[in-house]
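For reference, the structure discussed in these notes is given below.
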Amino acid sequence: MLNIEIDEHSGFCFGVTTAIKKAEEELQKGETLYCLGDIVHNRIECDRLEKLGLITINHEEFAKLHNAKVLLRAHGEPPATYLIAQKNNLEIIDATCPVVLKLQQRIKKKWQEADNDNSQIVIYGQAGHAEVLGLVGQTHGTATVIEKSSQIDKIAKDKNTYIYSQTTKSLEGYKQVVSEIKEYVNKDRECESFNTVCGQVANRLDGIGNFAKSHELIFFVCGKKSSNGRILFDECKKMNPHSYQIEGPEDLDLTLTQGVHSIGICGATSTPKWLMENCKQAIINYNNR
Ligand code: SF4
Numbered sequence: 003m004l005n006i007e008i009d010e011h012s013g014f015c016f017g018v019t020t021a022i023k024k025a026e027e028e029l030q031k032g033e034t035l036y037c038l039g040d041i042v043h044n045r046i047e048c049d050r051l052e053k054l055g056l057i058t059i060n061h062e063e064f065a066k067l068h069n070a071k072v073l074l075r076a077h078g079e080p081p082a083t084y085l086i087a088q089k090n091n092l093e094i095i096d097a098t099c100p101v102v103l104k105l106q107q108r109i110k111k112k113w114q115e116a117d118n119d120n121s122q123i124v125i126y127g128q129a130g131h132a133e134v135l136g137l138v139g140q141t142h143g144t145a146t147v148i149e150k151s152s153q154i155d156k157i158a159k160d161k162n163t164y165i166y167s168q169t170t171k172s173l174e175g176y177k178q179v180v181s182e183i184k185e186y187v188n189k190d191r192e193c194e195s196f197n198t199v200c201g202q203v204a205n206r207l208d209g210i211g212n213f214a215k216s217h218e219l220i221f222f223v224c225g226k227k228s229s230n231g232r233i234l235f236d237e238c239k240k241m242n243p244h245s246y247q248i249e250g251p252e253d254l255d256l257t258l259t260q261g262v263h264s265i266g267i268c269g270a271t272s273t274p275k276w277l278m279e280n281c282k283q284a285i286i287n288y289n290n291r
């Protein structure tokens with residue numbers, strides 16, 4: 003008897019759920035709706051919304067757009083985006099996640115209050131990631147982004163240092179980098195860290211590890227660009243070497259399911275539940291053939 007379980011804690015976080023709901027509501031009104039960047043790091047969900055009429059544009063296209071309605075996704079945007087919108091008479095449907103918005107405001111406040119000749123803001127995050135660009139934008143582009151300990155020399159030793167994290171980084175990685183920065187910065191300087199990893203990601207790590215351990219085979223459903231997906235999949239792989247990352251049912255190597263009694267399906271905060279259900283159905287169909 004084959005048991006296939008979908009992890010009840012996997013799937014959209016509230017930030018992504020809200021952004022998608024806003025997009026669906028606007029699309030129902032029948033007006034043209036643009037989205038600045040992929041609404042979610044999941045190609046298949048983006049395709050579904052594009053079929054409903056959502057038009058995804060990049061920042062270059064956004065800058066040339068006038069008199070239109072544009073949705074800003076959960077990752078948030080830097081202040082420059084809002085200025086363009088004002089100049090080009092664009093109506094903004096702002097789906098920035100409240101957690102990201104709060105982080106942007108904290109960074110902005112710290113940057114405005116600090117003596118910027120002697121202080122620096124450091125963001126532990128993925129350079130070029132949309133959320134990180136939005137955070138760096140709060141400091142007029144002056145924040146230093148580091149992705150790993152080996153980049154620590156980008157930080158000035160002789161400045162007061164305030165460290166924040168991209169919301170979807172791993173808590174473990176953040177703690178490690180913070181402890182190294184605290185060693186690195188001159189001792190006569192302030193060095194403060196603010197744990198801004200989102201609970202929706204941090205709290206899922208243990209759960210997903212236990213879920214992965216409880217099955218013989220794991221299919222982790224996730225888009226390739228998802229930052230938290232990488233962290234959650236690494237955890238699955240650590241706990242169960244028979245873990246495979248797929249984008250959707252078409253990537254399933256169904257031969258792996260032969261002779262297996264227990265399969266787990268899980269995903270990232272950008273993975274729709276319906277997609278995990280489709281993967282489950284594909285496995286059932288294959289094994290009932
Ligand atoms: S992971 Fe957290 S911060 Fe990011 S969109 Fe989801 S709820 Fe918001």
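In my numbering, the protein residues as written are 3 to 291. We put the beta carbon where it would ideally sit given N, CA and C, even for glycine.
**Prompt:** Where Tyr-126 and Glu-133 are concerned, what is the direct C-alpha to C-alpha distance, given to the nearest angstrom?
**Reply:** Reading the sequence shown from its first residue, position 124 is the one you call residue 126. Reading the sequence shown from its first residue, position 131 is the one you call residue 133. In a straight line, the C-alpha of Tyr-126 is about 12 Å away from that of Glu-133.
**Request:** Using 8 Å as the cut-off, classify the Cβ of Thr-170 as near or not near the heavy atoms of the ligand SF4, replying yes or no.
**Result:** On the sequence shown, position 168 is the one that residue 170 refers to. Correct: Thr-170 has its Cβ closer than 8 Å to the ligand SF4.
**Prompt:** If you follow the alpha helix (DSSP H) that Gly-78 is part of, which residue opens it and which one closes it?
**Reply:** As a first step, residue 78 must be located in the sequence shown, where it is residue number 76. Segment: none, Gly-78 is in no alpha helix (DSSP H) and carries neither H nor E.
**Asked** Hey, quick one: how far does the beta strand (DSSP E) through Val-147 stretch, first residue to last?
**Response** Along the sequence shown, one-based indexing puts residue 147 at 145. Where Val-147 is concerned, the enclosing beta strand (DSSP E) stretches over 146 to 148.
**Request:** State the Cα-Cα distance for the pair Phe-297 and Asn-197, rounded to the nearest angstrom.
**Result:** In the structure displayed, the chain extends from 3 to 291; residue 297 sits before or after that span and is not available.
**Asked** Any heavy atom of the ligand SF4 closer than 8 Å to the CB of Val-262?
**Response** Stepping through the sequence shown from its first residue, residue 262 is reached at position 260. The answer is no for Val-262.
**Prompt:** How do the stretch 8 to 23 and the stretch 271 to 291 stand: do at least 3 beta-carbon pairs fall below 8 Å, yes or no?
**Reply:** yes
**Message:** With a threshold of 6 Å on Cβ separation, who are the neighbours of Leu-105 within its own chain once the five nearest residues in sequence on each side are excluded?
**Reply:** As a first step, residue 105 must be located in the sequence shown, where it is residue number 103. So the qualifying residues of the chain are Thr-198.
**Asked** Quick one: any contact between the stretch 63 to 70 and the stretch 244 to 256, if contact means 3 or more CB pairs under 8 Å?
**Response** no
**Message:** Could you tell me the alpha carbon to alpha carbon distance between Leu-38 and Ile-210, rounded to whole angstroms?
**Reply:** The count along the sequence shown starts at 1 and reaches residue 38 at position 36. The count along the sequence shown starts at 1 and reaches residue 210 at position 208. Looking at the two C-alpha atoms, the distance is approximately 31 Å.
**Asked** When the Cα atoms are used, what is the spatial distance from Lys-23 to Arg-50?
**Response** Here residue 23 refers to the residue found at position 21 of the sequence shown. Here residue 50 refers to the residue found at position 48 of the sequence shown. One C-alpha to the other measures close to 13 Å.
**Sequence-distant residues of the same chain with beta carbon closer than 6 Å to Asn-212, five excluded per side** = On the sequence shown, residue 212 is found 210 positions in, with the first residue counted as 1. None.
**Prompt:** Which ranges would you report for the alpha helix (DSSP H) in the stretch 65 to 152 if only whole runs of at least 4 residues count?
**Reply:** 81 to 89, 100 to 115 and 132 to 139
**Request:** With hydrogens ignored, establish whether the beta-carbon of Asn-60 is closer than 8 Å to any heavy atom of the ligand SF4.
**Result:** On the sequence shown, position 58 is the one that residue 60 refers to. Outside the cutoff, so no.
**Item:** Span of the alpha helix (DSSP H), counted from its first residue to its last, around Leu-51
**Value:** Locating residue 51 in the sequence shown gives position 49, where the first residue counts as 1. Counting along the chain, the alpha helix (DSSP H) containing Leu-51 begins and ends at 45 to 53.
**Message:** DSSP has Gln-260 in a bridge; who is on the other side?
**Reply:** Indexing the sequence shown from 1 puts residue 260 at position 258. Answer is none; Gln-260 lacks a bridge partner.
**Asked** Between the stretch 72 to 79 and the stretch 39 to 46, are three or more C-beta pairs nearer than 8 Å?
**Response** yes
**Asked** For Met-273 versus Cys-238, is the C-beta distance shorter than 9 Å?
**Response** Taking the sequence shown and counting its residues from 1, one reaches residue 273 at position 271. Taking the sequence shown and counting its residues from 1, one reaches residue 238 at position 236. In the sequence under discussion, the amino acid at residue 273 is Thr, which differs from the Met named in the question. Not closer than 9 Å, so no.
**Message:** For Leu-173 and Ala-204, which I take to be in contact (beta-carbon distance under 8 Å), what is that distance rounded to the nearest angstrom?
**Reply:** The count along the sequence shown starts at 1 and reaches residue 173 at position 171. The count along the sequence shown starts at 1 and reaches residue 204 at position 202. Right, their Cβ atoms sit about 5 Å apart.
**Message:** Using CA atoms only, rank isn't needed, just tell me which of Asp-160, Lys-171 and Ile-95 is closest to Glu-192.
**Reply:** Sequence index remark: in the sequence shown, residue 192 carries index 190 (1-based). For Glu-192, the nearest C-alpha among the options comes from Asp-160.
**Item:** Span of the beta strand (DSSP E), counted from its first residue to its last, around Glu-174
**Value:** By one-based count along the sequence shown, residue 174 stands at place 172. Segment 173 to 186 is the alpha helix (DSSP H) holding Glu-174; no beta strand (DSSP E) there.
**Message:** Can you tell me where the alpha helix (DSSP H) holding Thr-19 begins and where it ends?
**Reply:** Locating residue 19 in the sequence shown gives position 17, where the first residue counts as 1. Taken as a continuous stretch (DSSP letters only), the alpha helix (DSSP H) holding Thr-19 covers 16 to 30.
**Request:** Compute the distance between the beta-carbons of Glu-28 and His-217, then report whether it is under 9 Å.
**Result:** By one-based count along the sequence shown, residue 28 stands at place 26. By one-based count along the sequence shown, residue 217 stands at place 215. In this structure, His-217 does not lie closer than 9 Å to Glu-28 by Cβ.
**Asked** What residue from Ser-195, Asn-5 and Gln-202 has the CA that sits closest to Lys-112's CA?
**Response** Here residue 112 corresponds to residue number 110 of the sequence shown, with the count starting at 1. Measuring from the Cα of Lys-112, the nearest candidate turns out to be Ser-195.
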